[in-house]
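Novice: Pasting a structure below so you can have a look.
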Amino acid sequence: MKEVIDKLKKDFGVQQKNGLLIFDRERVNEIFKFLKEKGFGFLSFITAVDYKEYMEVVYAVKNIPEKDILILKTMVKQNEEIESINDLYAGANWMEREIYDLFGIKFKNHPYLKRLLLPDDYKGHPLRKDFPINTGYKNWR
Amino acid sequence: MEVQRISENGFEELWVNMGPQHPASHGVFRMQIKVEGENIKEVIPHIGYLHRGVEKLGETVNLVQFMPMLDRDDYLSAISNEFPLALAVEKLAGIEVPEKAEYLRVISAELMRIASHLVFLGTFCLDMGGALGGGTTIFLYTFREREKLLDIIEKWTGSRMHPNLISFGGVRYDLYPEFDKDLKTFLDDFEKKIEEYEGMLGNNSIFLARTKNVGILPKEVAMGYGCSGPVLRGSGIKFDLRKANPYSVYNKFEFEIPTGENGDVYDRYKVRMEEMKQSVRILRQAVDGIPEGPISSQMPVKVAAAVKAPAGEIYSAVESPRGENGVYLVSDGKPTAYRLKLRTPSFYNLSAIPYLLKGALIADVVAILGSLDPVFGDVDR
Amino acid sequence: MNVWIKSLIYSVPILLVVFTIVAYLTWLERKFAARMQSRIGPYYVGRPHGWLQPLADVLKLIVKEEITPKNVDKLIFNLAPFVFLFAAMLVYTVLPFSENIIISDLSVGILAFIAISSLSIMGAFMAGWSSNSKYPLISAIRGGAQIVSYEIPLLLAIVAPCALAGSLKTTEIVKAQKLWFILYPVVGQISFLIFLIAGLAEENRTPFDIPEAESELVAGFTVEYSSMKFALFYAAEYAHLLALAGLGTVLFLGGWKGPFLPGPMWFAIKSLALFLFILWIRWSYVRLRIDQLLKFSWKFLFPAGVLNLLLTGLIIILK
Chain A
8 MKEVIDKLKK DFGVQQKNGL LIFDRERVNE IFKFLKEKGF GFLSFITAVD YKEYMEVVYA
68 VKNIPEKDIL ILKTMVKQNE EIESINDLYA GANWMEREIY DLFGIKFKNH PYLKRLLLPD
128 DYKGHPLRKD FPINTGYKNW R
Chain B
158 MEVQRISENG FEELWVNMGP QHPASHGVFR MQIKVEGENI KEVIPHIGYL HRGVEKLGET
218 VNLVQFMPML DRDDYLSAIS NEFPLALAVE KLAGIEVPEK AEYLRVISAE LMRIASHLVF
278 LGTFCLDMGG ALGGGTTIFL YTFREREKLL DIIEKWTGSR MHPNLISFGG VRYDLYPEFD
338 KDLKTFLDDF EKKIEEYEGM LGNNSIFLAR TKNVGILPKE VAMGYGCSGP VLRGSGIKFD
398 LRKANPYSVY NKFEFEIPTG ENGDVYDRYK VRMEEMKQSV RILRQAVDGI PEGPISSQMP
458 VKVAAAVKAP AGEIYSAVES PRGENGVYLV SDGKPTAYRL KLRTPSFYNL SAIPYLLKGA
518 LIADVVAILG SLDPVFGDVD R
Chain C
41 MNVWIKSLIY SVPILLVVFT IVAYLTWLER KFAARMQSRI GPYYVGRPHG WLQPLADVLK
101 LIVKEEITPK NVDKLIFNLA PFVFLFAAML VYTVLPFSEN IIISDLSVGI LAFIAISSLS
161 IMGAFMAGWS SNSKYPLISA IRGGAQIVSY EIPLLLAIVA PCALAGSLKT TEIVKAQKLW
221 FILYPVVGQI SFLIFLIAGL AEENRTPFDI PEAESELVAG FTVEYSSMKF ALFYAAEYAH
281 LLALAGLGTV LFLGGWKGPF LPGPMWFAIK SLALFLFILW IRWSYVRLRI DQLLKFSWKF
341 LFPAGVLNLL LTGLIIILK
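Residue numbers (my numbering), protein chains in the order written: chain A, 8 to 148; chain B, 158 to 538; chain C, 41 to 359.
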């Protein structure tokens with residue numbers, strides 16, 4: 008796994024801060040294509056974290072024969088989009104839909120970017136930090 | 158008729174709705190199926206009927222208060238939800254867990270694994286055989302076994318399905334005096350019963366005809382979707398978190414990992430049956446070797462805000478009966494987590510449904526859905 | 041006038057008796073199934089065995105609200121349960137309960153039985169079509185395909201003992217059984233097996249109950265029916281099944297013959313034993329898929345039936 012990380016740092020501009028791998032969001036597809044060729048064919052999860060000025064999208068891939076796991080992050084600012092990796096990993100379909108649903112990050116080239124868990128006509132993205140909670144909101148009609 | 162007819166090539170296609178209330182959909186799940194005769198052309202699944210916002214709750218509630226809420230996620234095997242959070246916080250904060258507590262955690266996890274697989278077996282046959290028919294017979298037998306198991310857990314922790322057993326630093330409740338006698342009687346009885354179920358179903362040609370070569374999931378597709386657990390092992394990939402990245406005291410026990418060959422419904426069923434037997438094996442080894450000692454390395458907390466996790470991020474995962482159940486914890490030093498992502502296995506297993514159902518027959522829908530064994534508390538959180 | 045009075049005298053007792061027996065057959069099924077599943081079954085209504093349960097069920101069904109959906113084809117919707125019931129009840133006229141107790145000793149009794157019992161598919165299809173909804177329609181179409189495919193093996197299996205007996209008259213067939221036909225060297229058992237399997241498929245019983253109680257597409261072709269009409273479907277199904285068990289006893293198990301007890305009692309005991317066997321099969325097996333069902337009928341049962349008939353003919357010639 009060390010060679011993979013070194014190659015990532017050299018060729019794809021991945022940085023390592025505090026033991027975490029951070030990459031540039033423009034190069035999403037190249038990086039994951041490289042990783043998939045190296046045997047990281049299992050997409051464990053994609054999620055997002057809201058740090059108030061920017062959001063981070065976190066990808067976790069696993070190499071099943073070598074029993075490795077790699078966690079990569081990228082920074083996405085407000086109203087920026089990131090490319091979908093749906094062609095490489097079929098599971099990214101629902102994972103990215105869930106992130107769009109709960110965070111509002113849009114994914115380019117996604118075949119069916121609609122809300123997954125919440126009703127289709129729901130307004131707002133709940134997992135953002137500025138979503139109002141404890142407001143006495145009555146969500147029945 | 159409010160039937161939508163879309164004529165293509167002279168055939169008429171029908172949109173059939175397997176709605177959220179359905180006797181065979183294992184929970185609240187809606188599928189819109191485009192059917193031509195008996196063949197399925199396209200599936201549009203809708204989930205989210207059981208979405209309770211657990212991840213948002215994780216950001217508003219203290220970590221200690223959040224533990225019982227995790228029981229309600231995968232309500233059929235509750236320990237496997239609490240386990241990864243405890244592992245994550247203990248690793249970040251450097252808390253040691255005494256050995257007796259580790260043994261107790263393993264025992265409860267394996268008991269819940271058996272309980273969950275019994276529910277799978279019962280509802281799988283129930284869906285295929287009908288609510289009045291051979292399916293109900295097996296359903297009632299497996300639930301009878303499960304009742305005995307839940308009685309043991311109730312005597313231990315006080316509640317049947319949501320034990321709330323694991324705490325940061327150990328377990329919460331100690332064993333009661335006749336625990337090993339009860340457990341050994343149950344295990345002896347259960348081994349005979351597993352053979353009975355295998356005899357009823359394993360050579361039954363109707364059952365084989367319904368499950369062989371149905372719903373085949375190839376290896377690369379399974380890995381691409383992120384399926385784990387029996388779904389992945391049924392497709393032929395030998396990967397189990399208990400052996401690959403051992404956590405707790407699993408490296409002290411001897412057990413095997415059953416794998417399937419083709420990735421069809423029968424293989425997934427067989428993998429789960431074998432897993433039950435391996436769980437019995439682990440339980441026998443564990444119950445004989447419980448060491449003496451304290452059950453928790455931390456004093457019980459008086460104020461919920463006293464447990465803090467230092468700043469950092471960590472992902473830790475556990476092998477639940479459905480797959481890889483993990484927690485991605487981002488903490489900033491406060492008693493509440495900053496972001497708590499629950500990587501629940503059923504969500505990723507279920508996302509393979511559009512691939513699996515394409516080209517199947519309507520009658521296979523229930524078999525395939527049952528073999529993936531989704532629990533909608535997991536899917537929707 | 042004579043014909044009308046005679047038919048009334050014969051038909052009303054038969055109807056009453058058959059309905060009561062059918063109601064208690066539901067009780068028997070529930071108790072039997074419960075014991076197989078290690079539970080008790082009906083218990084409270086008429087302690088300790090729950091023998092008043094059928095009465096409670098009938099009363100409940102009579103008092104229920106009758107809901108008819110809006111866009112149904114009213115005539116066919118209301119007529120379908122009666123066609124189904126008619127097919128189930130009329131076949132009792134050719135079953136011999138004893139040497140002299142038979143309502144209508146037609147010389148082509150078996151043929152009449154099969155012809156009339158095939159009318160049940162008409163009832164099922166009428167119900168499915170007129171309900172004006174997707175699920176009953178799919179279920180009725182599947183039911184039609186299934187019943188039509190299994191008619192032929194059933195016929196082939198029934199013709200074998202008729203050929204051995206040399207007549208289509210039901211009383212003659214029983215009289216010709218010095219040795220019960222099921223114990224006949226090879227053709228007896230094969231005919232019985234084919235008869236049983238094809239008969240189960242005719243009656244929509246598990247493992248062949250695709251049109252009915254599927255958990256995939258809810259309750260099959262009876263999904264839009266409520267209250268008394270549903271009760272008629274239910275009763276008709278059990279009556280038809282009992283008639284099939286009766287036919288099985290006549291053809292294979294020796295009808296009314298037996299020592300000590302009078303003829304009708306033996307007929308009842310044998311029919312009931314066959315009925316219990318059919319119940320046992322229901323509560324042990326999961327169901328087949330529709331395409332596997334049809335493949336099984338055309339590729340396996342039909343050739344087996346033909347071969348069986350050829351063997352029977354050979355045995356008759358050699359005798």
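Positions of the beta carbon are idealized from the N, C-alpha and C atoms, including for glycine.
Since the structure is predicted, the reported quantities are computational estimates derived from the model, not experimental observations.
1. Looking at the structure shown, is GLY516(B) part of a helix, part of a strand, or coil, going by DSSP?
2. Check whether the region 476-487 of chain B touches the region 342-356 of chain B, taking contact to mean three or more Cβ pairs, one atom from each stretch, closer than 8 Å.
3. Do you know how far the Cα of SER273(B) is from the Cα of ASP537(B)?
4. Excluding five sequence neighbours on each side, which residues of the same chain lie with their C-beta closer than 6 Å to the C-beta of ALA167(C)?
5. Which chain C residues are close to ILE363(B), counting only those with a beta carbon under 9 Å from its beta carbon?
6. With 8 Å as the threshold, decide whether the Cβ of ARG500(B) is near any Cβ in chain A.
7. By the three-class DSSP mapping on this structure, what secondary structure does ASP55(A) have?
8. Quick one: measure Cβ to Cβ for VAL38(C) and SER144(C), integer angstroms, because I've assumed they're closer than 8 Å.
9. To which residues does DSSP link ALA180(C) through a beta bridge?
10. Where TYR206(B) and GLY295(C) are concerned, what is the direct C-alpha to C-alpha distance, given to the nearest angstrom?
11. Indicate the three-state DSSP secondary structure (helix, strand or coil) for PHE223(B) in the structure shown.
12. Using 8 Å as the limit for Cβ to Cβ distance, is LEU341(C) near chain B?
13. Can you pull the chain C residues whose beta carbon is under 7 Å from the beta carbon of THR293(B), in chain order?
14. Measuring only between beta-carbons, confirm whether ASP535(B) sits less than 8 Å from chain C.
15. What do you reckon, are the CB atoms on SER78(C) and ALA128(C) nearer than 8 Å?
16. Within the same chain, show all residues whose beta-carbon is closer than 8 Å to that of ARG34(A), passing over the 5 residues directly before and after it, in chain order.
17. Please name the residue or residues paired with GLN189(B) in a DSSP beta bridge.
18. Less than 8 Å between CB atoms is the rule here; does THR54(A) satisfy it with respect to chain B?
19. Tell me, please, whether the CB atom of GLY450(B) is closer than 8 Å to any CB atom in chain C?
20. In the DSSP assignment, the beta strand (DSSP E) including PHE114(A) goes from what residue to what residue?
21. So the candidates are ASP137(A), ASN70(A) and LYS17(A); which of them puts its Cα closest to the Cα of LEU42(A)?
22. For a cutoff of 8 Å on Cβ pairs, would you count LYS297(C) as touching chain B?
23. So, does the CB of ALA517(B) fall closer than 8 Å to a CB anywhere in chain C?
24. With 8 Å as the C-beta to C-beta threshold (strictly closer), list the residues of the region 185-215 of chain B near chain C in chain order.
25. Considering only the beta carbon of each residue, do VAL523(B) and MET285(B) sit closer than 8 Å?
26. Identify whether VAL263(C) lies in helix, strand or coil by the three-state DSSP scheme.
27. Just how far apart, CA to CA, sit PRO201(C) and LEU194(C)?
28. Should ASP388(B) go down as buried or exposed, given a rule of 16 or more other Cβ atoms within 10 Å for buried?
29. In terms of DSSP beta bridges, what is PHE30(A) paired with?
30. For GLY391(B), does the count of other Cβ atoms within 10 angstroms reach 16, so buried, or fall short, so exposed?
31. Could you name the residues of the same chain whose beta carbon sits closer than 6 Å to that of THR81(A), not counting the 5 residues immediately before and after it, in chain order?
32. Using the C-alpha atoms, what's the distance from SER454(B) back to PRO403(B)?
33. How is the beta strand (DSSP E) around LEU486(B) delimited, first residue to last?
34. Can you tell me the Cβ-Cβ gap for LEU306(B) and PHE343(B), rounded? I've got them flagged as a contact below 8 Å.
35. Where ASN42(C) and PHE124(C) are concerned, what is the direct C-alpha to C-alpha distance, given to the nearest angstrom?
36. Buried or exposed: which applies to ASP445(B), given that a residue is buried once 16 or more other Cβ atoms fall within 10 Å of its Cβ?
Specialist: Let me lay it out:
1. Here DSSP, grouped into helix, strand and coil, assigns GLY516(B) to coil.
2. The region 476-487 of chain B and the region 342-356 of chain B do not touch, with fewer than 3 CB-CB distances between them shorter than 8 Å.
3. Per the coordinates, the alpha-carbon of ASP537(B) lies some 18 Å from the alpha-carbon of SER273(B).
4. Spatial neighbours of ALA167(C) in its own chain (CB-CB distance under 6 Å, excluding positions within 5 residues in sequence) are listed in chain order as ALA120 and PHE261.
5. Contact of ILE363(B) with chain C by beta-carbon distance below 9 Å involves PRO247, TYR325, VAL326, ARG327, LEU328 and GLN332.
6. Interface residue, yes.
7. The sequence given here places Ala at residue 55(A); Asp does not occur at that position. The answer is strand: DSSP assigns ALA55(A) an E or B state.
8. As displayed, chain C neither begins before 41 nor continues past 359, which places residue 38(C) out of reach and without an answer.
9. DSSP, once it has assigned bridges, lists no residue as partnering ALA180(C).
10. Rounded to the nearest angstrom, the two C-alpha atoms are 58 Å apart.
11. Looking at PHE223(B) - three-state DSSP - the assignment turns out to be helix.
12. By this cut-off, LEU341(C) is not an interface position.
13. Within 7 Å Cβ-Cβ: GLN77.
14. Not closer than 8 Å to any Cβ of chain C, the Cβ of ASP535(B) fails to qualify, so no.
15. Contact: no.
16. Answer for ARG34(A): PHE19 and GLY20, listed in chain order.
17. Note: GLN189(B) sits in a beta bridge opposite ASN174(B) and ILE201(B).
18. For THR54(A), the closest Cβ of chain B is nearer than 8 Å.
19. Judged by the 8 Å Cβ criterion, GLY450(B) is not in contact with chain C.
20. Taken as a continuous stretch (DSSP letters only), the beta strand (DSSP E) holding PHE114(A) covers 113-115.
21. Ranking ASP137(A), ASN70(A) and LYS17(A) by CA distance to the CA of LEU42(A) puts ASN70(A) first.
22. Among the residues facing chain B, LYS297(C) is not included, as its CB has no counterpart in that chain under 8 Å away.
23. Closer than 8 Å: no.
24. The residues in question are GLU195.
25. Cβ distance < 8 Å, so VAL523(B) and MET285(B) count as in contact.
26. DSSP places VAL263(C) in coil when its eight states are reduced to three.
27. Near 12 Å, if we compare the C-alpha coordinates of LEU194(C) and PRO201(C).
28. Just to set this straight, residue 388(B) is Val in the shown sequence, not Asp. Buried is the label assigned to VAL388(B), since at least 16 other Cβ atoms lie within 10 Å of its Cβ.
29. Per the DSSP secondary-structure output, PHE30(A) pairs in a beta bridge with THR81(A).
30. By the neighbour-count rule (16 or more Cβ atoms within 10 Å), GLY391(B) is buried.
31. Around THR81(A): PHE30, ARG32 and VAL64.
32. Each residue's Cα considered, the two are about 21 Å apart.
33. For LEU486(B), the enclosing beta strand (DSSP E) begins and ends at 480-488.
34. Right, the Cβ-Cβ distance comes to about 7 Å (below 8 Å), so this counts as a contact.
35. Their backbone Cα atoms lie some 28 Å apart in a straight line.
36. By the neighbour-count rule (16 or more Cβ atoms within 10 Å), ASP445(B) is not buried but exposed.
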